[in-house]
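S.K.: In terms of the numbering used here, the sequence shown opens at residue 10 and continues consecutively.
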Amino acid sequence: MIAKETNLRLVIVGLLIGILMSAMDNTIVATAMGTIVADLGGLDKFVWVTSAYMVAVMAGMPIFGKLSDMFGRKRFFIFGLIVFLVGSILCGLAQSIVQLSIFRAIQGIGGGALMPIAFTIVFDVFPVEQRGKMTGLLGAVFGLSSVAGPLLGAYITEYIGWHWIFYVNIPLGLISLFLIIRYYKESPIHTKQQIDWWGAITLVGAVVCLMFTLELGGTEYAWNSVQIISLIAGFVVLFLLFIYAERKASDPIISFWMFKRRLFATSQILAFIYGATFIILTVYIPIFVQAVYGGTAANAGMILTPMMLGSVVGSGIGGVFQTKTSFRNLMIFSIIFFLSGMYLLTTITPDTMRWLLTVYMVIAGIGVGFSFSLLPMASLNDLEPQYRGSANSTNAFFRSLGMTVGITIFGAIQNKMFTNDLSSYFKGMPIPSGINLEDPSAILEASERSSIPSFVLDRIIDAMSSSITFTFLMALIPLAIAAIVVGLMGNGRVVKQQTVGNEGA
Numbered sequence: 010m011i012a013k014e015t016n017l018r019l020v021i022v023g024l025l026i027g028i029l030m031s032a033m034d035n036t037i038v039a040t041a042m043g044t045i046v047a048d049l050g051g052l053d054k055f056v057w058v059t060s061a062y063m064v065a066v067m068a069g070m071p072i073f074g075k076l077s078d079m080f081g082r083k084r085f086f087i088f089g090l091i092v093f094l095v096g097s098i099l100c101g102l103a104q105s106i107v108q109l110s111i112f113r114a115i116q117g118i119g120g121g122a123l124m125p126i127a128f129t130i131v132f133d134v135f136p137v138e139q140r141g142k143m144t145g146l147l148g149a150v151f152g153l154s155s156v157a158g159p160l161l162g163a164y165i166t167e168y169i170g171w172h173w174i175f176y177v178n179i180p181l182g183l184i185s186l187f188l189i190i191r192y193y194k195e196s197p198i199h200t201k202q203q204i205d206w207w208g209a210i211t212l213v214g215a216v217v218c219l220m221f222t223l224e225l226g227g228t229e230y231a232w233n234s235v236q237i238i239s240l241i242a243g244f245v246v247l248f249l250l251f252i253y254a255e256r257k258a259s260d261p262i263i264s265f266w267m268f269k270r271r272l273f274a275t276s277q278i279l280a281f282i283y284g285a286t287f288i289i290l291t292v293y294i295p296i297f298v299q300a301v302y303g304g305t306a307a308n309a310g311m312i313l314t315p316m317m318l319g320s321v322v323g324s325g326i327g328g329v330f331q332t333k334t335s336f337r338n339l340m341i342f343s344i345i346f347f348l349s350g351m352y353l354l355t356t357i358t359p360d361t362m363r364w365l366l367t368v369y370m371v372i373a374g375i376g377v378g379f380s381f382s383l384l385p386m387a388s389l390n391d392l393e394p395q396y397r398g399s400a401n402s403t404n405a406f407f408r409s410l411g412m413t414v415g416i417t418i419f420g421a422i423q424n425k426m427f428t429n430d431l432s433s434y435f436k437g438m439p440i441p442s443g444i445n446l447e448d449p450s451a452i453l454e455a456s457e458r459s460s461i462p463s464f465v466l467d468r469i470i471d472a473m474s475s476s477i478t479f480t481f482l483m484a485l486i487p488l489a490i491a492a493i494v495v496g497l498m499g500n501g502r503v504v505k506q507q508t509v510g511n512e513g514a
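#1: Relative to the C-alpha of I189, which candidate in L90, R502, F221, V95 has its C-alpha closest?
#2: CA-CA distance, N338 and F379?
#3: Excluding sequence positions up to five away, which residues of its chain have a Cβ less than 7 Å from the Cβ of I11?
#4: Below 8 Å on the Cβ atoms is my guess for V38 versus I174; work out the distance and round it to an integer in Å.
#5: Buried or exposed for P462, please, with buried defined as at least 16 other CB atoms from any protein chain shown within 10 angstroms of its CB.
#6: Select from L348, Y192, V321 the residue whose C-alpha is nearest the C-alpha of K83.
#7: Look at V58 and R113 and say whether their C-beta atoms are less than 7 Å apart.
#8: Tell me whether the beta-carbon of M362 lies closer than 7 Å to the beta-carbon of M316.
#9: Any idea what DSSP makes of Y230, helix, strand or coil?
#10: If you count every other CB in all the chains shown that lies within 10 Å of the CB of K75, and 16 or more means buried, which is it?
#11: Please confirm whether V301 and I469 have their CB atoms less than 7 Å apart.
#12: From S433, I289, I372, pick the residue whose C-alpha is nearest to that of M483; which is it?
#13: Would DSSP call A258 helix, strand or coil?
#14: Under three-state DSSP, which class holds R271?
#15: Would F265 and L240 qualify as a contact pair, given that the criterion is a beta-carbon distance under 7 Å?
#16: Count the other C-beta atoms from every protein chain shown that fall within 10 angstroms of the C-beta of A32, then say buried if there are 16 or more, exposed otherwise.
#17: Indicate the three-state DSSP secondary structure (helix, strand or coil) for I45 in the structure shown.
#18: Name the two residues that bound the continuous alpha helix (DSSP H) containing R337.
#19: E195 by DSSP, collapsed to three states: which one?
#20: Is the beta carbon of F268 sitting closer than 7 Å to the one on A274?
#21: For G513 and Y396, what's the separation of their Cα atoms in angstroms?
#22: Closest to I87 by C-alpha separation, out of L161, I493, L183, would be which residue?
#23: Please report how far the alpha carbon of Y293 lies from the alpha carbon of R256, in whole angstroms.
#24: If you compare alpha carbons, which of F342, Q116, A157 is closest to F93?
#25: Which of helix, strand or coil does DSSP assign to L17?
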């Protein structure tokens with residue numbers, strides 16, 4: 010019994026490392042992108058470095074989730090780890106931005122298998138009374154990655170070199186690989202199903218078109234350009250073909266019958282909304298600190314620590330209490346905290362005390378943290394083992410999709426407000442030397458601020474502050490919708506089921 014418990018703990022450690030690497034990889038790279046472009050060149054192509062990873066992750070999640078249902082969790086988690094490590098090594102060796110983008114796609118293929126399968130393994134191997142605590146722990150690591158990624162990326166890039174933001178995955182990945190191979194004993198019994206190739210092809214194609222539409226629209230190409238219109242048309246056509254393929258497939262990648270279950274359907278909607286709104290906090294709070302308060306990039310990253318701690322607390326509370334009450338009751342607490350925190354953040358100004366900003370972030374972080382542990386479990390609840398991988402990967406897919414859509418839409422809102430405010434201020438006035446209204450954020454670097462006239466700097470700070478708080482205000486709209494969805498979750502609560510077999514021993 011002691012040996013089995015020890016093995017389960019080691020399995021959890023392996024899963025936690027896998028989740029941390031996969032979830033953190035985008036944020037850790039984002040902070041190093043300027044240095045990477047300066048070294049490799051390809052400023053016009055750097056967007057593909059991020060897009061390639063996200064496309065591969067999002068497209069891979071539902072596919073690997075389904076394959077794990079069919080052929081076993083262990084082999085596809087190991088496959089994901091190996092591919093992720095190979096991709097990491099190749100990324101560190103990249104000699105051009107094109108090579109790096111290709112290698113990032115390889116990384117993403119592996120990353121798409123890690124996170125959803127890890128949550129599903131927890132559901133398989135732990136009895137119902139322990140699942141809440143374990144998923145709370147996994148959810149806390151997911152929240153931690155959103156904050157630790159930028160900090161770690163900035164530190165490694167500045168003091169070691171950008172190549173090591175990829176090489177750091179190697180020792181971590183090898184530890185995870187050893188623990189899973191050595192200690193995770195999976196049941197050999199799996200349900201044989203047919204592979205839905207048409208569903209996989211059309212899903213990947215639709216995700217690619219959607220991602221590039223969001224990444225390139227309004228930046229590289231105008232929204233009414235031939236390129237963007239073609240991408241939108243491609244997404245619509247491929248998505249309709251995907252729906253048709255799934256309705257005809259005997260074993261579809263995404264089983265639409267699951268959406269007829271109230272708890273499952275509402276969990277996917279909430280995952281999308283929470284992903285779309287949480288991402289703007291992790292992006293714009295550091296910008297506020299650096300641009301408005303005048304902090305350094307390191308200080309801007311550190312400011313997210315309270316929100317991370319709040320999310321860890323929220324995830325733990327959600328995990329512990331999910332066996333004691335309904336998912337809806339706990340998500341009510343989640344949305345109250347998240348809405349309250351987001352509303353309070355709409356009130357911040359250049360005069361707001363730092364400690365008060367910290368309090369607001371903790372409140373928002375607690376609210377988001379609940380979702381990290383509750384929504385994956387709600388998606389899996391009361392489902393047979395052969396559907397769990399597909400259900401959990403669908404939830405992870407919707408959260409990632411929400412993050413992508415959210416940062417694109419809210420990013421456009423913030424940028425429009427900022428540039429409009431500055432343009433109206435300088436209208437009819439000579440623009441001071443060194444100020445580029447096409448890229449106004451660049452002048453807020455610490456090295457540039459001292460050379461800007463104080464009356465101009467004050468106006469820029471006010472514009473940045475008001476544009477960010479307005480963006481937070483707009484985020485209240487989807488959160489209000491989320492509150493309605495929470496009310497529609499029903500009274501579903503954790504259902505006690507037998508585990509698949511003597512797994513994890």
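The beta-carbon is built from N, C-alpha and C at its ideal position, and this holds for glycine as well. Model, not experiment: these values are computed from the prediction.
M.R.: For this structure:
#1: L90
#2: 11 Å
#3: With a pLDDT of 44 at I11, under the threshold of 50, the modelled position of that residue is not reliable, and the figure given next carries that caveat. The answer is none, since no qualifying residue turns up.
#4: Between V38 and I174 a beta carbon distance of about 6 Å is seen, short of the 8 Å cut, so the two are scored as contacting.
#5: exposed
#6: Y192
#7: yes
#8: no
#9: The answer is strand: DSSP assigns Y230 an E or B state.
#10: Taking every protein chain shown into account, the CB of K75 has 16 or more other CB atoms within 10 angstroms, so this residue is buried.
#11: no
#12: I289
#13: Three-state DSSP puts A258 in coil, outside helix and strand.
#14: helix
#15: no
#16: buried
#17: helix
#18: 336–354
#19: Coil.
#20: yes
#21: For G513, the predicted structure reports a pLDDT of 45, less than 50, and the residue's modelled location is therefore unreliable. A value from the coordinates is still provided. Using only the alpha carbons, I get a separation of about 19 Å.
#22: L183
#23: 41 Å
#24: Q116
#25: helix
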